[in-house]
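The opening position of the sequence shown corresponds to residue 37 in the numbering used here, with each subsequent residue numbered one higher. Beta carbons: idealized from backbone N, C-alpha and C, even for Gly.
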Amino acid sequence: MNVKGSISGVDLFCGAGGLTYGLQQAGIDVRLGIDIDIASRHPIETNTRAKFIQADVSTLDPNVIRNAFGNSEIRLLAGCAPCQPFSTYSRASNSPLQSRHRLGRIENWRLVEKFADLVEAINPELVTMENVPPLAQQEVFEKLLGKLKSYWIDWQIVECQKIGLPQTRKRLVLLASRLGPIKFKKEEVKPKTVRDVIGGLSKISAGEVARKDPLHRSSRLSELNLLRIRASHPGGSWRDWPQELLSPCHKRPSGSTFPSVYGRMEWDTAAPTITTQSFGFGNGRFGHPEQDRAISLREAAMLQGFPEDYSFLPHSEPISFARIGRLIGNAVPVDLATWIGKTLVEHVNASLPDRSPAL
Ligand SMILES: C[S@@+](CC[C@H](N)C(=O)[O-])C[C@H]1O[C@@H](n2cnc3c(N)ncnc32)[C@H](O)[C@@H]1O
Numbered sequence: 037m038n039v040k041g042s043i044s045g046v047d048l049f050c051g052a053g054g055l056t057y058g059l060q061q062a063g064i065d066v067r068l069g070i071d072i073d074i075a076s077r078h079p080i081e082t083n084t085r086a087k088f089i090q091a092d093v094s095t096l097d098p099n100v101i102r103n104a105f106g107n108s109e110i111r112l113l114a115g116c117a118p119c120q121p122f123s124t125y126s127r128a129s130n131s132p133l134q135s136r137h138r139l140g141r142i143e144n145w146r147l148v149e150k151f152a153d154l155v156e157a158i159n160p161e162l163v164t165m166e167n168v169p170p171l172a173q174q175e176v177f178e179k180l181l182g183k184l185k186s187y188w189i190d191w192q193i194v195e196c197q198k199i200g201l202p203q204t205r206k207r208l209v210l211l212a213s214r215l216g217p218i219k220f221k222k223e224e225v226k227p228k229t230v231r232d233v234i235g236g237l238s239k240i241s242a243g244e245v246a247r248k249d250p251l252h253r254s255s256r257l258s259e260l261n262l263l264r265i266r267a268s269h270p271g272g273s274w275r276d277w278p279q280e281l282l283s284p285c286h287k288r289p290s291g292s293t294f295p296s297v298y299g300r301m302e303w304d305t306a307a308p309t310i311t312t313q314s315f316g317f318g319n320g321r322f323g324h325p326e327q328d329r330a331i332s333l334r335e336a337a338m339l340q341g342f343p344e345d346y347s348f349l350p351h352s353e354p355i356s357f358a359r360i361g362r363l364i365g366n367a368v369p370v371d372l373a374t375w376i377g378k379t380l381v382e383h384v385n386a387s388l389p390d391r392s393p394a395l
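Okay, here's the thing in structure tokens:
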């Protein structure tokens, strides 16, 4: 029998383990993480107490999840199913004389549907799902809610800064429970700043690696980009640069639609959303507040809420910016995951009868 409030979890699409790690921080016994990407094995099995199985969730046998839960009384199925966009050609005009075709982007939410099917098959006591806010406008979200008819539900678009994350990131979070009405935990947290989180890390220059931490490394900058970052102000953009540093695309009127690329972060505010490309100065406002470089992989991870010693790959393996950047940028921020976990633990404690032994 479980002790009161004890929850066991399975994390589908576990990635680097932001969700698994944060749920465990809140006291949830996440036992298994599943992902198609083998790169998830090391971070899951090194930093968390969960086991890892490499599998394609779209063809996953629900018994894999049932076995992980064993006879746990309170089971949480958690997941962050990615959207799988693919490109397609569509007719730009009906006129036979204009048989032009246009490249379009179709968003495929098949994995969210699969998540809903697995919820139906397992019927866990608790469900949580994290995703991008536009999912709320998709038909598949309605379908998911339809499959959760026997659950109490709360969902919202969370501004992560409000729960303490030093990042202006918005995420859709869904909570569902068969135990009783569930509501997000109210959190009044002073938002952390970039300085609070990465202000204590050692100084490195562009292309350098810190002696004590191989992940505290920043990407190289070309001579031109070095001049550009030197001309960049915290919170500013390429618009602060002198004419000779601008590229032709900045000079085109369309360049004005990307004011926030090639910028520096500010010490005393939140960072922009950390993406899979946040190690590149030209990919967003990812310049360090005062050092002439983009943020390091470690800084990106810490701005996502990972602790400073979180290990993303074995020491023996070479570090790839693309691979680690993807794991970090795709993660559920740890602060968000911990807040979700605390909400679930409080909910379970409030819903279950007290089982402390009679004296
Ligand atoms: C948004 S990330 C999840 C992040 C993770 N929850 C975390 O907190 O670190 C989505 C993950 O889905 C995985 N994925 C994509 N397609 C998949 C599939 N068909 N089966 C299993 N995992 C898949 C990707 O490898 C990626 O790690």
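For ARG207, which residues does DSSP report across the bridge? Here residue 207 refers to the residue found at position 171 of the sequence shown. Beta-bridge pairing links ARG207 to VAL194.
Take VAL163 as the anchor and find which of GLY320, ARG77, ASP47, SER255 has the nearest alpha-carbon. As a position in the sequence shown, residue 163 is number 127, starting the count at 1. Comparing Cα positions, the closest option is ASP47.
Grab me the residues of GLY397's own chain with a C-beta within less than 7 Å of its C-beta, minus the 5 sequence neighbours each way, in chain order. Absent from the structure is residue 397, since the part of the chain shown begins at 37 and ends at 395.
Neighbourhood of PRO278 by C-beta, 8 Å cutoff - its chain only, sequence neighbours within 5 removed: For the purposes of this step, residue 278 is identified with residue 242 of the sequence shown, where counting begins at 1. Contacts found: ALA267.
Lining residues of ligand 1 - beta-carbon closer than 5 Å to any non-hydrogen atom, in sequence order: PHE49, GLY51, ALA52, GLY54, LEU55, ASP71, ILE72, ASP73, ASP92, VAL93, SER94, CYS116, PRO118, ASN366, ALA367, VAL368
Quick one: Cα of GLN327 to Cα of ILE240, how far? In the sequence shown, residue 327 corresponds to position 291, counting from 1. In the sequence shown, residue 240 corresponds to position 204, counting from 1. Between GLN327 and ILE240, the C-alpha separation is close to 8 Å.
Proximal residues to SER332 (C-beta, below 6 Å), its chain only, five neighbours per side dropped: Locating residue 332 in the sequence shown gives position 296, counting from the first residue. Closer than 6 Å at the Cβ level, and outside the excluded window around SER332, lie HIS252, ARG253, SER254.
Between GLU166 and ILE376, is the Cβ-Cβ spacing less than 9 Å? Translated into positions along the sequence shown, residue 166 becomes position 130. Translated into positions along the sequence shown, residue 376 becomes position 340. Taking 9 Å as the Cβ cut-off, GLU166 and ILE376 qualify as a contacting pair.
Taking the straight line between their C-alpha atoms, what separation do you get for ALA104 and VAL194? One-based indexing of the sequence shown puts residue 104 at position 68. One-based indexing of the sequence shown puts residue 194 at position 158. Looking at the two C-alpha atoms, the distance is approximately 30 Å.
Which residues in the same chain have their Cβ closer than 6 Å to the Cβ of TRP191, if we skip the five residues on either side of it in sequence? The sequence position of residue 191 within the sequence shown is 155, counting from 1. For TRP191, where only same-chain residues beyond five positions count, the Cβ hits under 6 Å are LEU210.
Alpha carbon to alpha carbon, what distance is there between PHE151 and PHE317? The sequence position of residue 317 within the sequence shown is 281, counting from 1. The sequence position of residue 151 within the sequence shown is 115, counting from 1. Answer to the nearest angstrom: the Cα atoms are 36 Å apart.
When you compare the CB positions of PHE232 and ARG334, do they come within less than 9 Å of one another, or not? For the purposes of this step, residue 232 is identified with residue 196 of the sequence shown, where counting begins at 1. For the purposes of this step, residue 334 is identified with residue 298 of the sequence shown, where counting begins at 1. The amino acid occupying residue 232 in the given sequence is Asp; Phe does not appear at that position. Not in contact: ASP232 and ARG334 (Cβ atoms no closer than 9 Å).
Alpha carbon of GLY45 to alpha carbon of SER108, nearest angstrom: Residue 45 sits at position 9 when you count from the first residue of the sequence shown. Residue 108 sits at position 72 when you count from the first residue of the sequence shown. Spanning the two alpha carbons is a distance of roughly 9 Å.
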